[in-house]
Structure formats: C-alpha cells, structure tokens
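Peer 1: Each residue of the sequence shown is one higher than the one before, counting from 5 in the working numbering. Backbone N, C-alpha and C fix where the C-beta goes; we use that ideal spot for every residue, glycine too. Provided herewith is a single structure, encoded as structure tokens, for subsequent inquiry.
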Amino acid sequence: MLTIFDWLRRSRSGAELLATLEYAAVNPDIFQASEEIGPPPSAFDIPCRRCWIYPSVKSKTGKEYCEVCQAIVSKARSRGRVSRQAIVVWGGVTYIPGQLRAGKGFYADKRVKTYIEDDQHFLLVIARRDLKLWIQELLLYDGADMKGLIQIFPTTGEGQRSNMGEILCRVVHHEARFPMDMLRVRFFSGPYQVFSPHNRDGEGLLTFEMAEFLRLLEMAEVFRSLLRPEEQEALRELVSLNDPREEQFYWGRFTGRLKQEAKDMLNAWKIRQWHKNRIKLLYELADYVFYR
Numbered sequence: 005m006l007t008i009f010d011w012l013r014r015s016r017s018g019a020e021l022l023a024t025l026e027y028a029a030v031n032p033d034i035f036q037a038s039e040e041i042g043p044p045p046s047a048f049d050i051p052c053r054r055c056w057i058y059p060s061v062k063s064k065t066g067k068e069y070c071e072v073c074q075a076i077v078s079k080a081r082s083r084g085r086v087s088r089q090a091i092v093v094w095g096g097v098t099y100i101p102g103q104l105r106a107g108k109g110f111y112a113d114k115r116v117k118t119y120i121e122d123d124q125h126f127l128l129v130i131a132r133r134d135l136k137l138w139i140q141e142l143l144l145y146d147g148a149d150m151k152g153l154i155q156i157f158p159t160t161g162e163g164q165r166s167n168m169g170e171i172l173c174r175v176v177h178h179e180a181r182f183p184m185d186m187l188r189v190r191f192f193s194g195p196y197q198v199f200s201p202h203n204r205d206g207e208g209l210l211t212f213e214m215a216e217f218l219r220l221l222e223m224a225e226v227f228r229s230l231l232r233p234e235e236q237e238a239l240r241e242l243v244s245l246n247d248p249r250e251e252q253f254y255w256g257r258f259t260g261r262l263k264q265e266a267k268d269m270l271n272a273w274k275i276r277q278w279h280k281n282r283i284k285l286l287y288e289l290a291d292y293v294f295y296r
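Here you go:
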C-alpha cells in the first residue's frame with residue numbers, strides 16, 4: 005500500500021499537491037480505500053492512468069482513475085489559483101520544529117498545509133509572501149539549535165514540463181550533499197532550476213545561511229516599499245547598461261524623479277556597485293514580500 009508521501013510524490017501539479025495534503029490532514033482514510041492491485045495493461049483493461057497501481061473506476065469525465073486519484077484530481081480543480089501563489093518548503097533538519105508538531109503560531113493558519121514525514125523531514129505549502137514571516141518564527145523558536153537544509157521552490161501548473169512529484173524527489177536527493185553543521189536554505193526561483201542547481205549555485209543565487217537569507221528578504225521588502233513598480237523596472241534597465249558613461253548620464257535623471265527616502269536607500273546600498281547576480285536575486289525576492 006502506498007504511503008501518504010508516495011501519494012505526494014505522484015502529484016503532477018501544485019494543485020494536486022495541495023489536494024493531497026488536504027486529504028492527508030482531514031481524511032487520511034481515503035488513502036486506504038483500496039488494497040487491490042489493478043490489472044496489467046492490456047487491450048481489454050488497464051490500471052489507474054495516474055498511479056498505475058490500483059484498479060481504475062469509470063467516471064463521468066471518462067478518465068480512468070482509481071478512487072484515490074479521482075478524489076485528488078477532482079479537488080485539485082478548485083486549487084489552481086491558490087497553488088499559483090504558493091511555494092513549497094522541504095526541510096531536512098536535526099528535529100521537527102515544536103510549533104509545527106503542535107500546530108501553533110504560524111502553522112495554526114488553515115491556509116498553511118503541512119506534512120511531517122519523520123523526525124527530521126517536513127513539507128510545507130505556504131503563500132509565497134508569507135515566507136519572511138515563516139522564517140522569522142522558525143529562527144525565533146529554533147534558530148539557535150536547529151541545523152540542516154531548507155529548500156524552497158515554486159509549485160508547477162497543470163501541463164507544465166516540470167512535474168511536481170519529480171521536483172519533490174529531486175530536492176529530497178539534493179539534501180544528502182550537505183552536512184548537518186548549520187541551518188542552510190536553498191532558494192529556487194523557478195521549479196525547473198531544481199534539475200540543474202549547479203548553474204544557479206555558481207552564480208551565488210542558490211545556497212545561503214538562514215539568517216543571511218532573512219536579511220535579503222528584508223532588503224527586498226524595503227526595496228519594494230520605497231520604489232514604485234515603474235521605478236523598479238527603470239532601475240533594472242539602468243543597472244543592466246554596459247556603458248558606464250551612459251549609465252552615469254541616466255542615473256542622474258533617474259534619481260531626480262525619486263523620493264528622498266528612495267535616494268537614500270540606493271545610495272546607502274551602493275547598488276550601482278553590486279554584481280548583476282545580486283541585483284537579479286533582489287528582484288526575484290521582491291515577489292516574495294509584502295510592501296508597506
């Protein structure tokens with residue numbers, strides 16, 4: 005019989021992952037609905053087209069799914085919008101946070117979907133703009149003692165080339181590369197990056213110490229709060245110029261339109277001296293924070 009984690013790894017999209025987590029929390033008995041193995045594929049009969057293990061049941065839609073897969077797929081149809089704004093967090097750590105086990109604090113929110121695999125592994129699906137709040141609570145209660153690797157990556161949509169279950173299997177595989185000597189975070193801005201992390205790691209955009217990553221999120225929050233969207237886009241184009249004289253000319257015109265607080269921020273950060281990869285990361289993280 006498949007475990008709940010086996011069912012999670014069969015999710016094809018973020019919506020199906022959410023649906024599976026909801027059943028695991030509210031109605032876990034659904035995963036024990038059938039212990040009968042489906043028939044081998046033949047000209048006359050086939051097992052469930054989704055899990056390829058249990059016998060299929062004809063549905064109104066004509067899809068030949070088993071009872072469990074049919075329930076997950078049906079629930080997933082109403083979870084697409086939520087999943088597009090969500091991120092997945094996979095933790096391989098020295099111990100499970102006490103707040104998570106107790107369902108308190110951040111985890112008491114019904115929008116937060118959780119799964120504990122064993123004494124050292126957990127899975128969360130949270131709104132992407134709640135990421136900073138979650139890290140703050142984690143560091144507050146467990147930052148002094150917890151060690152391990154936290155991996156953060158977006159969900160996938162239905163029909164995308166990257167399969168949610170395959171991505172989850174790959175991040176589980178990645179954690180074996182790191183010792184349990186500190187609390188690290190790996191941040192994937194796109195799900196496809198999970199399959200070639202060396203490219204992003206070589207650019208300094210992937211692996212961080214957890215407290216450092218929180219500081220980066222706080223900078224992104226300030227950045228998004230002080231610059232309007234059109235100003236953020238103008239700055240992106242400006243710092244990508246290759247001619248220093250051209251950049252110097254447009255920089256004065258650009259800063260002349262900014263509020264004093266925004267000017268002070270950019271001058272204090274010396275953003276014109278940043279490496280282009282660091283600027284790229286700042287813009288990626290801006291999608292993960294609220295602005296005041």
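Once you ignore the five residues that flank Tyr295 on each side, which residues in its own chain have a CB closer than 8 Å to its CB?
Peer 2: Closer than 8 Å at the Cβ level, and outside the excluded window around Tyr295, lie Glu225, Arg228 and Ser229.
Peer 1: Using only CA atoms, which one of Ile154, Pro183, Arg188 and Met184 lies nearest to Val175?
Peer 2: The residue with the shortest Cα to Cα distance from Val175 is Ile154.
Peer 1: Could you tell me how far apart the beta carbons of Tyr99 and Gln124 are, in whole angstroms, since I believe they sit closer than 8 Å?
Peer 2: With a Cβ gap of about 7 Å, Tyr99 and Gln124 count as contacting.
Peer 1: Does the Cβ-Cβ distance between Lys151 and Met186 come in under 8 Å?
Peer 2: In contact: Lys151 and Met186 (Cβ atoms closer than 8 Å).
Peer 1: Thinking C-beta only, is Tyr27 closer than 8 Å to Ala75?
Peer 2: Yes, they are a contact pair.
Peer 1: In the structure shown, what three-state DSSP assignment does Ala148 receive?
Peer 2: It is coil, neither helix nor strand.
Peer 1: I'd like to confirm the pairing. Which residues does DSSP put opposite Thr7 in its beta bridges?
Peer 2: Partner(s): none; Thr7 has no beta bridge.
Peer 1: Thinking C-beta only, is Glu68 closer than 8 Å to Lys62?
Peer 2: Yes. Within cutoff.
Peer 1: So for Pro158, helix, strand or coil by DSSP?
Peer 2: Correct three-state label for Pro158: strand.
Peer 1: Keeping to the same chain, check which residues put their C-beta closer than 6 Å to that of Leu245; ignore five residues upstream and five downstream.
Peer 2: Within the same chain, Leu245 has close Cβ partners Glu251.
Peer 1: Let me make sure I understand the geometry here. Which of Leu143, Asp122 and Leu172 has the alpha-carbon closest to that of Ile91?
Peer 2: For Ile91, the nearest C-alpha among the options comes from Leu172.
Peer 1: Please report how far the alpha carbon of Ser166 lies from the alpha carbon of Pro195, in whole angstroms.
Peer 2: One C-alpha to the other measures close to 7 Å.
Peer 1: Arg85 and Leu22: beta carbons closer than 8 Å?
Peer 2: No, these two residues do not count as a Cβ contact at 8 Å.
Peer 1: First and last residue of the beta strand (DSSP E) that includes His125?
Peer 2: Run containing His125: His125 to Ala131, per the beta strand (DSSP E) assignment.
Peer 1: Give me the Cα-Cα distance between Asp134 and Gln140, rounded to the nearest whole angstrom.
Peer 2: When rounded, the distance between both Cα atoms is 10 Å.
Peer 1: Run through the DSSP bridge pairs and tell me what Glu121 is partnered with.
Peer 2: Bridge partners of Glu121: none, in fact.
Peer 1: If you draw a straight line from the C-alpha of Gly102 to the C-alpha of Arg13, how long is it?
Peer 2: Gly102 and Arg13: Cα-Cα distance of roughly 25 Å.
Peer 1: Are the beta-carbon atoms of Leu25 and Lys117 separated by less than 8 Å?
Peer 2: Taking 8 Å as the Cβ cut-off, Leu25 and Lys117 qualify as a contacting pair.
Peer 1: Using only the alpha-carbon positions, how far apart do Leu289 and Ala29 sit?
Peer 2: Cα-Cα distance, rounded: 30 Å.
Peer 1: Given a threshold of 16 other Cβ atoms within 10 Å of its Cβ, counted over all protein chains shown, does Pro248 qualify as buried or as exposed?
Peer 2: Exposed, since its Cβ has fewer than 16 Cβ neighbours within 10 Å.
Peer 1: Using only the alpha-carbon positions, how far apart do Arg261 and Trp255 sit?
Peer 2: Going by the C-alpha atoms only, they are around 10 Å apart.
Peer 1: Would Ala215 and Leu143 be called neighbours here (beta carbons separated by less than 8 Å)?
Peer 2: Against a cut-off of 8 Å, the Cβ pair of Leu143 and Ala215 comes out as a contact.
Peer 1: Should the stretch 273 to 285 be regarded as contacting the stretch 206 to 222, the criterion being three or more beta carbon pairs within less than 8 Å?
Peer 2: The stretch 273 to 285, when compared against the stretch 206 to 222, does touch it at the 8 Å Cβ threshold.
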